[in-house]
Amino acid sequence: MKIGIIGAGNVGATLARKLIASGHHVKLGNSRGPDTIRALAEEIGATPVSAEDAVKDVEIIVISIPFGRIPDIKGLLAAVPRDVTAIDTSNYYPYRDGAIAEVDAGKPESIWVGEQIGRPVIKAFNAALAQTLADRGQPKGTPGRIALPVAGDDERCKRLALELVEDAGFDAVDAGVLADSWRQQPGTPAYCTELTVEQLRFSLSSANKARAPENRDALLNLFLNSAAPLTHEDVIAMNRKGQEATCSRSRP
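Start counting the sequence shown at 631; every next residue gets the next number (our numbering).
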């Protein structure tokens, strides 16, 4: 498929690399222009473009920029055909993004994103660390393969996003409609915990919406104030331990 990725940070660049390796054609764009990402794009086999060109003549658009910068691309997708799938990989962290009253009041993050850009999105690839996306993918059928949730209202668009998750090396789990996508947001048991399909489904069903923001902020405080550098394994373990607080019952 023809894919345009907006954002060339850790997640955007990693997804570009993985999807190109799976045979997709990827344009990689950012707000600073193609010259700033040309070397990276050439290394991974993507076409470096502006953010404006990243959304042209593609079947899927992946939005992979910080949550607080989503309003910066308001209008960017205005002329994009409605049958083009838009995937949101972002996560809301008030510490970084500033407080957003609607999200703080409980509006699911990706519904807010869709309102900012003027079209509904599919929420995918948000519930994994960049290193997980880069290094932990495995062939389909591998025992213990990590699963990732995908939520959205348009079944055709969601099916395409599920296929991309599989292409990237992960089991794709349909996490329901976008109104339920809070179940894969920061502070929930499904978020950045590297679970199998069965574990992920249980964690999605066990999430506690009221406690998730508090848990998100408590975990971030632990990460920021760690006395020693944290390894990838440390972060996953801390997420698993801390996010059990949002479950209504223990994980199997």
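Every residue, glycine too, gets a C-beta built ideally from N, C-alpha and C.
Item                                                                                                        : Value
At least 3 beta-carbon pairs within less than 8 Å: the segment 786–795 vs the segment 748–755               : yes
Boundaries of the alpha helix (DSSP H) in which Lys788 is found, first to last residue                      : Glu785 to Asp797
Assigned exposure category for Phe853 - 16 Cβ within 10 Å defines buried                                    : exposed
CB contact flag (Ile633, Ile690, <8 Å)                                                                      : yes
Alpha helix (DSSP H) runs contained entirely in the segment 631–698, provided each spans 4 or more residues : 640–651, 668–674 and 681–684
C-alpha gap between Tyr722 and Leu707, whole angstroms                                                      : 21 Å
Three-pair Cβ contact test at 8 Å for the segment 662–669 versus the segment 693–705                        : no
Buried versus exposed call for Ala709 [16 or more other C-beta atoms within 10 Å across all chains shown]   : exposed
Close Cβ partners of Ala798 (< 6 Å) along its chain, the five nearest in sequence each way excluded         : Lys648 and Gly767
For Ala716, three-class secondary structure by DSSP                                                         : strand
Candidates Pro724, Ile703 and Pro816: closest to Asn869 by CA position                                      : Pro816
Counted within 10 angstroms of its Cβ, other Cβ atoms place Ser836 as buried (16 or more) or exposed        : buried
Residue(s) in a DSSP beta bridge with Leu778                                                                : Ala802
Pro724 versus Arg813, Ala848, Ser833 and Asp683, residue with shortest Cα-Cα distance                       : Ala848
Presumed contact (8 Å Cβ cut-off) between Thr826 and Ala758, rounded CB distance                            : With a Cβ gap of about 13 Å, Thr826 and Ala758 do not count as contacting.
Under 8 Å between C-beta atoms of Ala781 and Gln814                                                         : yes
Helix, strand or coil at Ile752 according to DSSP, with G and I counted as helix                            : strand
Gly675 versus Ile636 - alpha carbon distance                                                                : 16 Å
Pair within 8 Å by beta-carbon distance, Leu830 and Ser740                                                  : no
Nearest-angstrom Cα separation, counted from Leu850 out to Thr715                                           : 31 Å
Residues near Pro882 in its chain [Cβ-Cβ closer than 8 Å; skip 5 each side]                                 : No answer about Pro882 holds up, because its pLDDT of 40 lies below 50 and its placement is not dependable.
Span of the alpha helix (DSSP H), counted from its first residue to its last, around Trp742                 : Glu739 to Ile747
Tyr725 - DSSP class collapsed to helix/strand/coil                                                          : helix
Span separating the alpha-carbon of Lys704 from that of Trp812                                              : 22 Å
Pick from Arg712, Glu673 and Pro738 that is closest to Ser720, judged by C-alpha positions                  : Pro738
Endpoints, alpha helix (DSSP H) assigned at Ala731                                                          : Ala731 to Asp734
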